[in-house]
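Peer 1: Chains A and B, in that order, give the protein sequences.
If you use numbering that gives the first Met the number 0, the first sequence corresponds to residues 0 to 343, in order.
If you use numbering that gives the first Met the number 0, the second sequence corresponds to residues 0 to 518, in order.
Sharing a structure with you now.
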Amino acid sequence: MSQNASAPILHGTTASRAIGRIFVSREFSVFAALALLIIITEVVNPRFLSGQGVKDLLLNSTIFVVMAVGQALVIITKNVDLSVGSILGLTAFGTGSLFAAFPTIPIALVFLIGMAFGAVLGAINGFIVTLAGVPALVITLGTLYIYRGINNAWAGSKQYFIGNQPAAFGTLSVQTIGGIPTIAIAALIVVIIAAIFMFATRAGRDLYAVGSDTDAARLFGIKVNSRTVGAFTACGTLTGLAGVFYASRFNSVGADTGSGFELQIVAAVVVGGVAIFGGSGTVTGAAIGAVLLTTMTGALAALNVSKFWQQAIVGVLIIAAILIDRILSLRTARKLRVSEARNV
Amino acid sequence: MTMSQSTSDSPRADPRGSSESTSVLSLISATKSFGAVAALTDGSVDLRAGEIHALVGENGAGKSTLVKVLAGVHQPDSGRFLVEGADVVFRSPADSKTAGISVIYQEPTLFPDLTVAENIFIGRQPRGRLGLIDRPAMRTMARELFGRLGVPIDPDRIADGLSIADQQIIEIAKAISLDARILVMDEPTAALSGVEVDRLFAVARSLRDRGTAILFISHRFDEVFELCDRITVMRDGAFIATHRTAEITVDGLVREMVGRDIATLFPKQEAQIGEVVLSVAGLSRSGVFSDISFEVRSGEIVALAGLVGAGRTEVARAIFGIDRYDSGSVLIDGKPLRRHTPQAAIDAGMGFVPEDRRKQGLVMDLSVARNATLTLRTQLARFGLINAKEERKAAEEWTTRLQVKTGSQDLAVSTLSGGNQQKVVIAKWLATNPKLLIVDEPTRGIDVGTKAEVHRLISELAVRGIAVLMISSELPEVLGMADTVLVMHEGRISAALDRSEATAEIVMHAASASPEILT
Numbered sequence: 000m001s002q003n004a005s006a007p008i009l010h011g012t013t014a015s016r017a018i019g020r021i022f023v024s025r026e027f028s029v030f031a032a033l034a035l036l037i038i039i040t041e042v043v044n045p046r047f048l049s050g051q052g053v054k055d056l057l058l059n060s061t062i063f064v065v066m067a068v069g070q071a072l073v074i075i076t077k078n079v080d081l082s083v084g085s086i087l088g089l090t091a092f093g094t095g096s097l098f099a100a101f102p103t104i105p106i107a108l109v110f111l112i113g114m115a116f117g118a119v120l121g122a123i124n125g126f127i128v129t130l131a132g133v134p135a136l137v138i139t140l141g142t143l144y145i146y147r148g149i150n151n152a153w154a155g156s157k158q159y160f161i162g163n164q165p166a167a168f169g170t171l172s173v174q175t176i177g178g179i180p181t182i183a184i185a186a187l188i189v190v191i192i193a194a195i196f197m198f199a200t201r202a203g204r205d206l207y208a209v210g211s212d213t214d215a216a217r218l219f220g221i222k223v224n225s226r227t228v229g230a231f232t233a234c235g236t237l238t239g240l241a242g243v244f245y246a247s248r249f250n251s252v253g254a255d256t257g258s259g260f261e262l263q264i265v266a267a268v269v270v271g272g273v274a275i276f277g278g279s280g281t282v283t284g285a286a287i288g289a290v291l292l293t294t295m296t297g298a299l300a301a302l303n304v305s306k307f308w309q310q311a312i313v314g315v316l317i318i319a320a321i322l323i324d325r326i327l328s329l330r331t332a333r334k335l336r337v338s339e340a341r342n343v
Numbered sequence: 000m001t002m003s004q005s006t007s008d009s010p011r012a013d014p015r016g017s018s019e020s021t022s023v024l025s026l027i028s029a030t031k032s033f034g035a036v037a038a039l040t041d042g043s044v045d046l047r048a049g050e051i052h053a054l055v056g057e058n059g060a061g062k063s064t065l066v067k068v069l070a071g072v073h074q075p076d077s078g079r080f081l082v083e084g085a086d087v088v089f090r091s092p093a094d095s096k097t098a099g100i101s102v103i104y105q106e107p108t109l110f111p112d113l114t115v116a117e118n119i120f121i122g123r124q125p126r127g128r129l130g131l132i133d134r135p136a137m138r139t140m141a142r143e144l145f146g147r148l149g150v151p152i153d154p155d156r157i158a159d160g161l162s163i164a165d166q167q168i169i170e171i172a173k174a175i176s177l178d179a180r181i182l183v184m185d186e187p188t189a190a191l192s193g194v195e196v197d198r199l200f201a202v203a204r205s206l207r208d209r210g211t212a213i214l215f216i217s218h219r220f221d222e223v224f225e226l227c228d229r230i231t232v233m234r235d236g237a238f239i240a241t242h243r244t245a246e247i248t249v250d251g252l253v254r255e256m257v258g259r260d261i262a263t264l265f266p267k268q269e270a271q272i273g274e275v276v277l278s279v280a281g282l283s284r285s286g287v288f289s290d291i292s293f294e295v296r297s298g299e300i301v302a303l304a305g306l307v308g309a310g311r312t313e314v315a316r317a318i319f320g321i322d323r324y325d326s327g328s329v330l331i332d333g334k335p336l337r338r339h340t341p342q343a344a345i346d347a348g349m350g351f352v353p354e355d356r357r358k359q360g361l362v363m364d365l366s367v368a369r370n371a372t373l374t375l376r377t378q379l380a381r382f383g384l385i386n387a388k389e390e391r392k393a394a395e396e397w398t399t400r401l402q403v404k405t406g407s408q409d410l411a412v413s414t415l416s417g418g419n420q421q422k423v424v425i426a427k428w429l430a431t432n433p434k435l436l437i438v439d440e441p442t443r444g445i446d447v448g449t450k451a452e453v454h455r456l457i458s459e460l461a462v463r464g465i466a467v468l469m470i471s472s473e474l475p476e477v478l479g480m481a482d483t484v485l486v487m488h489e490g491r492i493s494a495a496l497d498r499s500e501a502t503a504e505i506v507m508h509a510a511s512a513s514p515e516i517l518t
């Protein structure tokens, strides 16, 4: 009985199953939505995909993509980091301050310092969350204000402008390699490394396990606390990287930089198919979600949609993403149940 | 190693000396308190290589605490703990695992979002180049494990939605893959039945023959006697005795467990069987069950027996209107019941006590009173507000009648024992004065003493004229309680037996193989 019963489930070549899986994956549906959006916009407004248009699209996405990857790591562990906007603000302003204090500082060192700074801020979140055993939502809501407050006190009314920084730093976000902006390539590398980490390392799989069932993860002997702190630290590090990118890309950094980003990032991650209750989704999906949301803003502008409606449309997208996800998982569950009932 | 035997304070851990085999694990007079509650006052057990050792005792006897001590979840307050003759202190589950102990818990602890293969190998996935996880190798290893167990489970499917039986199989596969020298099974068969239990026993025996020590915790005496070499009895957090299986009887065990004699396990009372209450004809749902027809009369207990996955719960859920069905009819008192609406079923006088009382039967954080009167919301309400005094009165009436043991009506239901929780669920439905009560695995995970009470309760309901449809995977319960036994196999009723003609062999046979499918 067992041999025969196994046949319908286990059959099908690995390749065809792999392809099948790609098409039903959440990442694919987000990507399809993105492609559809770009095509429609291009048809209505052919200037949308001009060389500069594509470049802008990629540049605008870069910072959100890097932040979304970091946030995805945290959300997959069933936590959330609401302080990322403030972390971005602090690291961006810190970058400006560094160049002001040491005009000749090597750019690579600035990147390292920015990421280390972000890592410390993220690790603080992680430690408080794991030690206090209080939902991350509350803790990071607190650090959102604390970090922002520090930024305010530090910056006051001071602002650093791109003009204050070495020209080479500013050109990072202007120069291209093969038509693709350098920092966009950097963001792509971040996504690839994070995706491999999450898919194919034990530490990465542990993050899914922690988010899927924290108590079970403890029973398995997974070091839940250190993994959680690790996820927050990685999120802080990537947000720090995004902060340095921000300082390079935008004209000025000050006390308000990055304010309000946290919700857009969480939205991007959720639209990208990462379950808000943890345990499932991928950083690739989150990255595509971030590109989708930034493209949406550009596309709606190119389609002459009023700015007021843009936000409402983003909201509809978030809810649609979650509903589609729910329907898909219900359908799979039903299919599995029926096939198993036959195989008993 | 003779260290563990030389300790003079462990004379009871092994009543007959231990010359014949080596102890791989000895827990000697371990204690563990949680605040003022002493969960373990004298936890002792002695496991030898190559034996299956049963641990029995009522719920609250301290078995779960003892298991958690072995698993490294709890640290004992005092006592000795030796593994392979050496003193050990476990600070975490990881320490226990490192020492070669694998625990299969009563409640499966799988990660719903990860694949089956990952659930088995999490934290120790095979790694290939660059230290990255080798998924094909992991898949192959998982297939091999399932091959050894004889269970076809797709290693690539996510664990979410797996039946409890399958989840248990995965837990067992995981323990086997860990090559554990000591295997602790905390009621692994609670959700399995028939074929699955046999398969599990075969695996357990082959592990034993290869020298694994197995601690087997179960409420089912037939299993304990069939499988185990020695039996340790616990009561009230303390060690009572260890016996060779051949040297003790069920009655003797029960006496030691409860400290008193239980007259009979199944106090079935004769009830007046009356008119047909529920009549099901040709009920079918594509791929799940087909052509289900039967009747339940007032005062009659009809048992739905069969293997887990045979479609029994699905039939009950369809009758009650929770799930849809494709064709067929359900009549209550001769009147057709509107399909797919539980409210219609409740209005027609049906009650449903689900299998998983934690998730479906009770709101665990609400008080006993609230839970008991949940189904009475509309009767108790004035102008849309629930009258607290009326609620308390109704709840008190039912909890007294059912002898629910609770300190106060205001305590959260989660603080009650499993048996008492089950009584609250039954109270909840009795308060609606039902004509027909569907009970799904009424005594799953309930200790012996309370089990008998639940059986007595169900029997009394029948005497009062309520028609009872009982789903049960426990053969003694089916044979002891039912007036009529319906056996399901692969979504069909394969046998309908009268109380007088139903025997364990016939029921098992009908449950595991219906001839027209096999030939």
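Note that the Cβ used here is the ideal one computed from N, Cα and C, for glycine as well.
Just checking: is the beta-carbon of residue 230/B within a distance shorter than 9 Å of some beta-carbon in chain A?
Peer 2: So, not an interface residue.
Peer 1: Give the secondary structure of residue 388/B by DSSP, where H, G and I count as helix, E and B as strand, and everything else as coil.
Peer 2: Here residue 388/B sits in helix by DSSP.
Peer 1: Under 8 Å Cβ-Cβ, which residues of chain A neighbour residue 521/B?
Peer 2: The structure shown does not extend to residue 521/B, since chain B is modelled only from 0 through 518, so no value can be given for it.
Peer 1: Rounded to the nearest angstrom, what separates residue 159/B and residue 222/B at their Cα positions?
Peer 2: Their backbone Cα atoms lie some 29 Å apart in a straight line.
Peer 1: Taking the alpha helix (DSSP H) that residue 248/B belongs to, which residues open and close that run?
Peer 2: No alpha helix (DSSP H) holds residue 248/B; DSSP gives it neither H nor E.
Peer 1: Grab the span of the beta strand (DSSP E) containing residue 295/B for me, first residue to last.
Peer 2: Element bounds for residue 295/B: 288 to 296.
Peer 1: Is there at least one Cβ from chain B nearer than 9 Å to residue 330/A's Cβ?
Peer 2: No, residue 330/A does not count as interfacial toward chain B.
Peer 1: Using a C-beta to C-beta distance shorter than 9 Å, which residues of chain B count as neighbours of residue 317/A?
Peer 2: Chain B residues near residue 317/A: none, gap ~21 Å exceeds 9 Å.
Peer 1: Ordered along the chain, which non-local residues of its own chain (more than five positions away) have a Cβ less than 7 Å from that of residue 190/A?
Peer 2: The residues are 64, 68, 282, 283, 286.
Peer 1: Can you pull the DSSP bridge partners for residue 454/B?
Peer 2: According to DSSP, which records beta bridges pairwise, residue 454/B is partnered with nothing at all.
Peer 1: Under a Cβ-count criterion, where at least 16 other Cβ atoms within 10 Å of its own Cβ denotes burial, should residue 124/B be classed as buried or exposed?
Peer 2: The residue in question, residue 124/B, is buried, as its Cβ has 16 or more Cβ neighbours within 10 Å.
Peer 1: Let me see if you follow: with CB-CB separation under 9 Å, is residue 324/A close to chain B or not?
Peer 2: Closer than 9 Å: no.
Peer 1: Considering residue 158/B, what are the terminal residues of the beta strand (DSSP E) in which it resides?
Peer 2: That residue, residue 158/B, is in no beta strand (DSSP E); it is neither H nor E in DSSP.
Peer 1: For residue 217/A, which residues in chain E fall below 8 Å Cβ to Cβ?
Peer 2: In summary, chain E is missing from the structure at hand, where the protein chains are A and B.
Peer 1: Report the neighbours of residue 220/A on chain B: residues whose CB is nearer than 7 Å to its CB, in chain order.
Peer 2: Chain B residues near residue 220/A: 91, 92, 93, 96, 122.
Peer 1: For the candidate residues 255/A, 112/A, 324/A, 57/A, whose alpha-carbon lies nearest to that of residue 378/A?
Peer 2: With chain A covering 0 to 343 only, the question about residue 378/A has no answer from this structure.
Peer 1: DSSP on residue 314/B, reduced to helix/strand/coil?
Peer 2: Note: residue 314/B maps to helix in three-state DSSP.
Peer 1: Grab me the residues of residue 242/A's own chain with a C-beta within less than 6 Å of its C-beta, minus the 5 sequence neighbours each way, in chain order.
Peer 2: Only 87, 90, 91, 113 meet the Cβ criterion.
Peer 1: Contact between the segment 137 to 154 of chain B and the segment 165 to 176 of chain B is defined here as three or more beta-carbon pairs at a separation below 8 Å; is this criterion met?
Peer 2: They touch, by the three-pair rule.
Peer 1: Go through its chain and collect everything with a Cβ distance to residue 101/B's Cβ below 6 Å, but skip five positions before and after it.
Peer 2: Excluding residues within five positions, the ones whose Cβ falls inside 6 Å are 174, 177, 179, 182.
Peer 1: Nearest to residue 207/B by alpha carbon, out of 49/B, 439/B, 294/B?
Peer 2: Selected option, being the one with the closest Cα: 49/B.
Peer 1: Does DSSP put residue 219/A in a helix, in a strand, or in coil?
Peer 2: Coil at residue 219/A, not helix or strand.
Peer 1: Flag this pair as touching only if the segment 162 to 180 of chain A and the segment 239 to 259 of chain A have three or more C-beta atom pairs under 8 Å; answer yes or no.
Peer 2: Yes, since at least three Cβ pairs between the segment 162 to 180 of chain A and the segment 239 to 259 of chain A fall closer than 8 Å, the two stretches touch.
Peer 1: Report the CB separation of residue 122/B from residue 37/A in whole angstroms; it is logged as a contact under 8 Å.
Peer 2: About 41 Å; that fails the 8 Å criterion.
Peer 1: Residue 159/A: buried (16+ other C-beta within 10 angstroms of its C-beta) or exposed?
Peer 2: Burial call: buried.
Peer 1: Could you check what DSSP says for residue 208/A in three-state terms: helix, strand or coil?
Peer 2: Correct three-state label for residue 208/A: helix.
Peer 1: Going by C-alpha distance, which of 489/B, 453/B, 493/B, 510/B is nearest residue 479/B?
Peer 2: Looking at the Cα atoms, 453/B is the closest of the given residues.
Peer 1: Run the CB neighbour count on residue 16/B, radius 10 Å, all protein chains shown included, and call it buried at 16 or more, exposed below.
Peer 2: Note that residue 16/B scores a pLDDT of 42, beneath 50, so its modelled location is shaky; the value from the coordinates is reported in the next line. With fewer than 16 other Cβ atoms within 10 Å, it is exposed.
Peer 1: Just the chain A side, please: which residues come within less than 8 Å of residue 111/B by C-beta, in chain order?
Peer 2: Neighbours of residue 111/B on chain A, chain order: 211, 212, 278.
Peer 1: Return no unless some Cβ of chain A is closer than 9 Å to the Cβ of residue 196/B.
Peer 2: No, residue 196/B lies away from the interface with chain A (no Cβ there is under 9 Å from its Cβ).
Peer 1: Quick check: is any heavy atom of the ligand COA less than 8 Å from the C-beta of residue 50/B?
Peer 2: Looking at this structure, you won't find the ligand COA or any other ligand, since it has none at all.
Peer 1: In chain order, which alpha helix (DSSP H) runs of at least 4 residues are fully inside the segment 12 to 96 of chain B?
Peer 2: With a minimum length of 4 residues, the continuous alpha helix (DSSP H) runs that stay inside the segment 12 to 96 of chain B are 62 to 69.
Peer 1: Report buried or exposed for residue 142/A, applying the criterion of at least 16 other Cβ atoms within 10 angstroms of its Cβ.
Peer 2: Counting Cβ neighbours within 10 Å, residue 142/A comes out buried, since at least 16 surround it.
Peer 1: If you drop the 5 nearest sequence neighbours on each side, which residues of the same chain put their C-beta closer than 7 Å to that of residue 425/B?
Peer 2: Closer than 7 Å at Cβ, skipping near neighbours: 352, 401, 456.
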